[in-house]
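These notes are about the structure you will find just below.
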Amino acid sequence: MAAVLFSNATVFDGVSEEAVPGMNVLVVDGRIAEVSEHPISSKGAVEYDLGGRMLLPGLIDAHAHVFAINLVEERNRNIALTEMTARAVPRIRKMLDRGFTGIRDVAGGDVGIRNAIAQGYIPGPRLFVGGPALSQIGGHGDHRSLTDDRLDIDVNASAFTFTCRIVDGVENIRSVVRNELRKGADHIKVLASGGVGSPADAIEALQFTEDEIRVVVQEAAVRGKYVCAHAYESAAIAHSIRAGVRTIEHANLINAETAAMVAAADAYVVPTLVAYEVTAQHGEQLGLSPYVMEKLNMVNDAGIAMLGLCTDAGVKLGFGTDLMGEMEFAQLQEFTIRGRVQRPVDVIRSATSVNAEIVQMAGELGVIAPGAIADIIVVDGDPLKDIAILAEPEKNLRLIMKDGAIYKTDLAAK
Numbered sequence: 002m003a004a005v006l007f008s009n010a011t012v013f014d015g016v017s018e019e020a021v022p023g024m025n026v027l028v029v030d031g032r033i034a035e036v037s038e039h040p041i042s043s044k045g046a047v048e049y050d051l052g053g054r055m056l057l058p059g060l061i062d063a064h065a066h067v068f069a070i071n072l073v074e075e076r077n078r079n080i081a082l083t084e085m086t087a088r089a090v091p092r093i094r095k096m097l098d099r100g101f102t103g104i105r106d107v108a109g110g111d112v113g114i115r116n117a118i119a120q121g122y123i124p125g126p127r128l129f130v131g132g133p134a135l136s137q138i139g140g141h142g143d144h145r146s147l148t149d150d151r152l153d154i155d156v157n158a159s160a161f162t163f164t165c166r167i168v169d170g171v172e173n174i175r176s177v178v179r180n181e182l183r184k185g186a187d188h189i190k191v192l193a194s195g196g197v198g199s200p201a202d203a204i205e206a207l208q209f210t211e212d213e214i215r216v217v218v219q220e221a222a223v224r225g226k227y228v229c230a231h232a233y234e235s236a237a238i239a240h241s242i243r244a245g246v247r248t249i250e251h252a253n254l255i256n257a258e259t260a261a262m263v264a265a266a267d268a269y270v271v272p273t274l275v276a277y278e279v280t281a282q283h284g285e286q287l288g289l290s291p292y293v294m295e296k297l298n299m300v301n302d303a304g305i306a307m308l309g310l311c312t313d314a315g316v317k318l319g320f321g322t323d324l325m326g327e328m329e330f331a332q333l334q335e336f337t338i339r340g341r342v343q344r345p346v347d348v349i350r351s352a353t354s355v356n357a358e359i360v361q362m363a364g365e366l367g368v369i370a371p372g373a374i375a376d377i378i379v380v381d382g383d384p385l386k387d388i389a390i391l392a393e394p395e396k397n398l399r400l401i402m403k404d405g406a407i408y409k410t411d412l413a414a415k
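Sequential numbering from 2 applies to the sequence shown in the working numbering.
Right under this line is the structure:
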């Protein structure tokens, strides 16, 4: 792999308050070898004079579903896994095209798709996967009809069953978690409350016992992994934190007391505001039921307030999108939505260094620093002043580098 030198760059390192102009960054063998205000000499390196453009870490989305090919899940019922995968490939590539060099999949993405990307068979971001999310009977992931009492569900039967596994009881859960970790899962997700898209459970419904969640945490910790929990309302969030969950997904209905509890546990919240705003605009015409739309509007209205409560409590906020099917086009709009109430630098840190911590790659991803993996993007303009710059890649995204290799650029080398 040829060395690459970026000269005359304005560098945002993913951590600091401000970007630094007049910097030079050398990439060798897939890693950042040097970052300096002084000229860097490297024989044989391909040089790009960035002309003051901003160079920053590749973006990370910590809540995505690469196999979510339809917004209305019922439409997945008769789709074979081969078709599901074929339809997911362009979704995955478009994520990288938007500047996301890392994706944490939190229901459905498995080691197979992760490894296919890592081995170069499919162009896409590096994936961090957990396999199917775990749902209790009657929980957010239980989409059986009222007349179907079967629990021996083949998760590989179709795209409809692939993303969630129904399991109850401490020892049953222990076996399922051990099996996913055996396969190489990077994390495990539990569905700890009701959700928007499920047809038969209220948002505030508490799901799994603390003992059931705790055994998931214990088994993940044995392998050096962690647990993320889908939870909207404070009781479910507190329930999860007491059991040792490390990241709370969504959290729209959190209160100040519970936000303080999350912060004290050194846990994370991963907001996914764009999913509600965009789906609220299009969901009814795409076939979402009135009950799902009602729940969607409830969490949509609460999302912005959640950001303030968590920020005031000192909660570490990641960056996620949770866009299903036809909504995936809006992935970058999460930046502009959060930019309404947060400083641009804080939102960008969420999508870089904070998310790198979440995926257990602190110092390796999400930063521009010597020794870090060279996942890099270059943009026109200053997103620290105008966060909307990141939401228009067709205008502003000039270069994408993943693992030290340039995936896409319209810039000419010297």
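Backbone N, C-alpha and C define an ideal beta-carbon position, used for all residues, glycine too.
Note that this is a predicted model, so its numbers are computed, not measured.
Expected contact under 8 Å - CB spacing of residue i and residue j to nearest Å
i	j	result
L72	T280	7 Å
R339	L274	7 Å
I377	M402	4 Å
A63	N256	23 Å between Cβ atoms; not a contact.
I390	V379	Actually they are not in contact, since the Cβ atoms of I390 and V379 sit about 12 Å apart, beyond 8 Å.
I204	V300	7 Å
A363	I61	That belief does not hold up - the Cβ atoms of A363 and I61 are roughly 12 Å apart, past 8 Å.
L182	A221	7 Å
N253	S159	With a Cβ gap of about 30 Å, N253 and S159 do not count as contacting.
D14	I369	4 Å
V67	I93	5 Å
A65	T322	6 Å
H240	A206	Actually they are not in contact, since the Cβ atoms of H240 and A206 sit about 11 Å apart, beyond 8 Å.
A414	E48	6 Å
Three-state secondary structure assigned by DSSP to residue i
i	result
R78	coil
H64	strand
T102	strand
D267	coil
V348	helix
Y277	helix
A186	coil
A34	strand
T259	helix
M55	strand
H251	strand
A425	Outside the modelled stretch of the chain, which goes from 2 to 415, sits residue 425, for which no answer is possible.
P291	helix
I167	strand
M2	coil
V26	strand
E285	coil
V191	strand
V90	helix
CB contact flag (residue i, residue j, <9 Å)
i	j	result
L135	K190	yes
R218	A244	The sequence given here has Val at residue 218, not Arg. Yes.
V271	E250	yes
P58	S8	no
M55	P384	yes
A264	C311	yes
D155	T148	no
I104	P124	no
L333	P394	yes
P371	E38	no
M24	V5	no
V107	G405	no
G113	G195	no
L398	G100	yes
E329	K95	yes
A261	A314	yes
A169	K226	Before going on, a small fix: residue 169 reads as Asp here, not Ala. Not in contact: D169 and K226 (Cβ atoms no closer than 9 Å).
Option nearest residue i by Cα separation, candidates the options
i	options	result
Q282	N79, L398, P272, L297	L297
G304	G319, A236, G288, E278	E278
G109	A268, A230, V130	V130
E258	E234, A276, R247, T248	E234
Y408	G121, K226, E172, V26	G121
H144	N253, F336, N180, C165	C165
G52	G382, T248, S199	G382
Q286	E327, V246, T248, L308	E327
G142	G113, I167, D150, A158	I167
M2	G45, E18, F336	G45
A236	V16, R247, K226, T210	T210
V197	N157, M96, A268, L289	L289
I349	K317, D50, H66	K317
P133	N180, N116, A87	N180
V342	S43, A206, G309	G309
R175	D50, D212, Y49	D212
G319	G195, R99, L400, I359	I359
N157	D302, E84, M262, S354	E84
>> If we require 4 or more residues per run, which alpha helix (DSSP H) segments fall completely within the stretch 99-156?
In response: 112-119
> Of all the beta strand (DSSP E) runs that stay within the bounds of the stretch 300-340, which reach a length of 3 or more residues?
Replying inline: none
>> Could you tell me which whole alpha helix (DSSP H) segments of length 4 or greater appear in the stretch 193-234?
In response: 211-223
> In chain order, which alpha helix (DSSP H) runs of at least 4 residues are fully inside the stretch 337-410?
Replying inline: 345-350, 356-359, 394-397
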